[in-house]
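Listed in order, the protein sequences are those of chains A and B.
Heads up, the first sequence is in the UniProt record's numbering, so the first residue is 1 and it goes up one at a time.
Heads up, the second sequence is in the UniProt record's numbering, so the first residue is 1 and it goes up one at a time.
Don't be surprised by glycine CBs; every beta carbon is placed ideally from N, CA and C.
All of these numbers come straight from a predicted model, not from anything done at the bench.
There are 2 protein chains.
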Amino acid sequence: MGLIVQKFGGTSVGSPEKIMNAANRAAEESQKGNSVVVVVSAMGKTTDHLVSLAAEITQKPSKREMDMLLSTGEQVTISLLTMALQAKGYDAVSYTGWQAGISTEHVHGNARISGIDTEKIEKRLSEGKIVVVAGFQGFADGSEITTLGRGGSDTTAVALAAALKADKCDIYTDVTGVYTTDPRFVKGARKLEGISYDEMLELANLGAGVLHPRAVEFAKNYGVPLEVRSSTEAERGTLIEEETDMEQNLIVRGIAFEDQVSKVTVCGLQNGLMALSTIFKTLASHGINVDIIIQSTADAQIASLSFSVKTGEVEETVHVLETYKVELGFERIEFENGLAKVSIVGSGMVSNPGVAAEMFHVLAKEQIEVKMVSTSEIKVSTVVGHADMVKAVEALHDAFELSEQPAGVLGAN
Amino acid sequence: MGLIVQKFGGTSVGSPEKIMNAANRAAEESQKGNSVVVVVSAMGKTTDHLVSLAAEITQKPSKREMDMLLSTGEQVTISLLTMALQAKGYDAVSYTGWQAGISTEHVHGNARISGIDTEKIEKRLSEGKIVVVAGFQGFADGSEITTLGRGGSDTTAVALAAALKADKCDIYTDVTGVYTTDPRFVKGARKLEGISYDEMLELANLGAGVLHPRAVEFAKNYGVPLEVRSSTEAERGTLIEEETDMEQNLIVRGIAFEDQVSKVTVCGLQNGLMALSTIFKTLASHGINVDIIIQSTADAQIASLSFSVKTGEVEETVHVLETYKVELGFERIEFENGLAKVSIVGSGMVSNPGVAAEMFHVLAKEQIEVKMVSTSEIKVSTVVGHADMVKAVEALHDAFELSEQPAGVLGAN
């Protein structure tokens, strides 16, 4: 007996049939005697449809009106899911973000949750109701509808779990858990039983795509145990919680990768150290996200600077930099498309300094050229040619023995 | 300079292009120096789509969740219309029913407005903003979303106009005004310049379909001048207000008609007067709407009773009555499909007792059999064969000289 928060993403509620399926999941937990709060996203392609409607009206919709528009998506899902639960004989009630008491800062399009008044939800739970809450949305200043931006429904679920002191937050999705790497590309990819918040954070940030980094960070800060699991398969998923002994013997926990990466090099920088901050401030003010940054100094005055961006943003990056060429003070810009980023992640790295070296060794053996490198305490990222991406992931997956079930937890399922 | 409330129905905001057009209408009034509040319905087929989604989940959705679902429809429209106004350079803001302060009784699916807190809207108007409000919806008990049922957006517009003491409420629709009869059927149908609330009420109730009776009643009670006009044509529409001299010389103002009418006769009633109330209570409790009722008494004990219903409800009517045959005490039921109702409306009838007789004379001359008759102070309704419907309307339209411009207001435009 406990309190469970369940979250179903867009693909898990993409049709009336899938909504019925999500209702079954909630009903199962209720049957076990648990109190259940369900958080849902908009149905499948709904958000895309609404965005394209707005695009037919104007290319620059105001963020407030976009929030007004997009927040209807989850409202449709909560009502349908609640109807499904009621049709199955369960007492259930739906709440939008504002009805559920989810306050946010007064920012449109990307608001952060500032507090949750849980009184109403707790009252409904104590009456034995399943409470269905719209993810992704909240309210500010008493009555303004706001949205939380990308990964917003994950964040709603975790924040509600934290505020309600839930025993667990289950993230239902279209995969069965968090894998050592993407199983669509690497045959030996294995589902992890457990992973720490920090590792999940690196994997989430690195494009594993199962769970939004904001939600993981929130869960870490409030100690909410998460489980990523399939909305259609019955099997256990992957538990995300504070560092445990589970699979501790694994130095590398997973391998993330993404393509559509480009490398931009600014050559002949004249302003030395100042250039660094000026260039990235300029790019940031134009909304361009820079990932890996490498500075190589030829002599004290003339240096060059490389960084990676998404390939889709190369053109604007070059345009912005050329516009400010005089102020920034450089000779020329070079760029290389068709690259990919491959990263190994694992909290065991902190105490194993040889991991990066082992990674480079594996890549060298496969004759894969490493074009950029970036490291943190629990990850090493490399930029390689797109053609080498899957080969690199497979070789690393083998070398770090990720396909094998760790001895310590064999049979734990 | 004044305050105008504009209302755009589903077909007038059925596409992004039509929403842009509605924005132009609001902008025009704003340009003239008027304060403008715009009330909108859900886009075209949106409500149907939402209803069919719910039907895929359950055949008996709860009314609360249907309100939650359907109220998203207008929310989409208010955001898109506001974006359109902003794109044209106008300062505008959208409000859902609850944000606009529209309180209703706590009934789902068919709530009545209990009050409007206009403070927020008035503040926005004083800041020079065009305020765009979701029709059809309100809130009860502080945070429960309710809807107003059929014709709800018309009612929202009129109620807002009353609460804001607006100078006028313009109902934009896909016709250019209120006609003497349906111009799709009768060539000589003429647009009326003015009509009284009561006359409009009878026409609205009789299926003219331009404006919901509830809204007309509300407008009458609060003295809100209404104009029904085209959302695409620039011409003046039809003004609806308290009895004026305008066109007063016309005894009959318009002719309404509808088909799909059936006549049901309950023969051999044994319980005399009691049967009347028992039968109609029974039918009402099964949601069957009875229109014209005629009782003919053969002797004090054995009577027969006829009434008209929509043809689509005949089957259930007969089924319900047969189920309670013993309690109701009758011999047999007869019914006749393929009928139509034709009504003449005009407040001048009150002081012209010969109008009904003139109507029967016209129909008799055309050899049209009148199967049922019902009268009120300002209308006479007849039930005729469907094949005679248009012929009856044309003959009456001619006989009461509705095609001709009344002398008193010629050139008033």
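The alpha helix (DSSP H) spanning residue i covers which residue range?
i	result
B:A92	Note, B:A92: premise wrong, no alpha helix (DSSP H); beta strand (DSSP E) at 92-95.
A:T156	152-163
A:V326	325-328
B:Q75	63-87
A:L53	46-57
A:E119	119-126
Buried or exposed: which applies to residue i, given that a residue is buried once 16 or more other Cβ atoms fall within 10 Å of its Cβ?
i	result
B:R214	buried
A:Y222	exposed
B:S94	buried
A:K129	buried
A:F25	Just to set this straight, residue 25 of chain A is Arg in the shown sequence, not Phe. Answer is buried; the Cβ neighbour count reaches 16.
B:M1	exposed
B:M200	buried
A:P16	buried
B:K281	exposed
residue 481 of chain B	Since the first and last residues shown for chain B are 1 and 413, residue 481 of chain B lies out of range.
A:P353	exposed
B:K60	exposed
B:S114	exposed
A:T46	buried
A:M359	buried
A:G209	exposed
B:E242	exposed
Excluding the 5 residues flanking residue i on each side, which residues of the same chain have their C-beta closer than 6 Å to its C-beta?
i	result
A:A157	V5, K7, V39, C169
B:I292	S308, M372, S374
B:D67	H108, I145, T146, T147
A:K220	Y197
B:F388	Going by the sequence as given, residue 388 of chain B is Asp instead of Phe. The answer, listed in chain order, is I368.
B:P183	A189
B:K325	none
How far does the beta strand (DSSP E) with residue i in it extend, from its first residue to its last?
i	result
A:A140	137-140
A:G385	379-385
A:T265	254-269
B:G194	194-196
A:Y172	168-173
B:S304	303-310
A:R214	Unbroken run through A:R214 is the alpha helix (DSSP H), 213-222; no beta strand (DSSP E).
B:F335	332-345
B:I292	Where B:I292 is concerned, there is no enclosing beta strand (DSSP E), given that its DSSP letter is neither H nor E.
At the level of alpha carbons, what is the spacing between residue i and residue j?
i	j	result
B:S126	A:V228	51 Å
A:V370	B:S143	58 Å
A:L402	A:K379	15 Å
A:G188	A:T104	43 Å
B:G177	B:I240	10 Å
A:V350	A:A395	22 Å
A:L226	A:L53	35 Å
B:S79	A:V37	29 Å
A:G149	A:A111	7 Å
B:E217	B:E233	27 Å
A:E404	A:E235	19 Å
B:A159	B:E122	15 Å
Assuming contact is defined by CB atoms lying nearer than 8 Å, are residue i and residue j in contact in what I supplied?
i	j	result
B:V383	B:V261	yes
A:S343	A:A204	no
A:A166	A:E74	no
B:L70	B:V132	no
B:K88	B:A22	no
A:T311	A:N289	no
B:F335	B:V318	yes
A:M20	A:A84	yes
B:Q137	B:G101	no
A:V186	A:V362	no
A:D154	A:L211	yes
A:V266	A:L339	no
A:H286	A:E327	no
A:K191	A:T238	yes
B:L276	B:Q295	yes
Quick one: what's got a C-beta closer than 7 Å to residue i's C-beta in the same chain, skipping five residues either side?
i	result
A:L410	Confidence in A:L410 is poor, its pLDDT being 31 and thus under 50, which makes the residue's placement unreliable; the coordinate value appears in the next sentence. Contacts found: none.
Excluding the 5 residues flanking residue i on each side, which residues of the same chain have their C-beta closer than 8 Å to its C-beta?
i	result
B:K365	A395
B:Y172	Q6, K7, F8, G9, S12, A22, R25, R229, S230, S231
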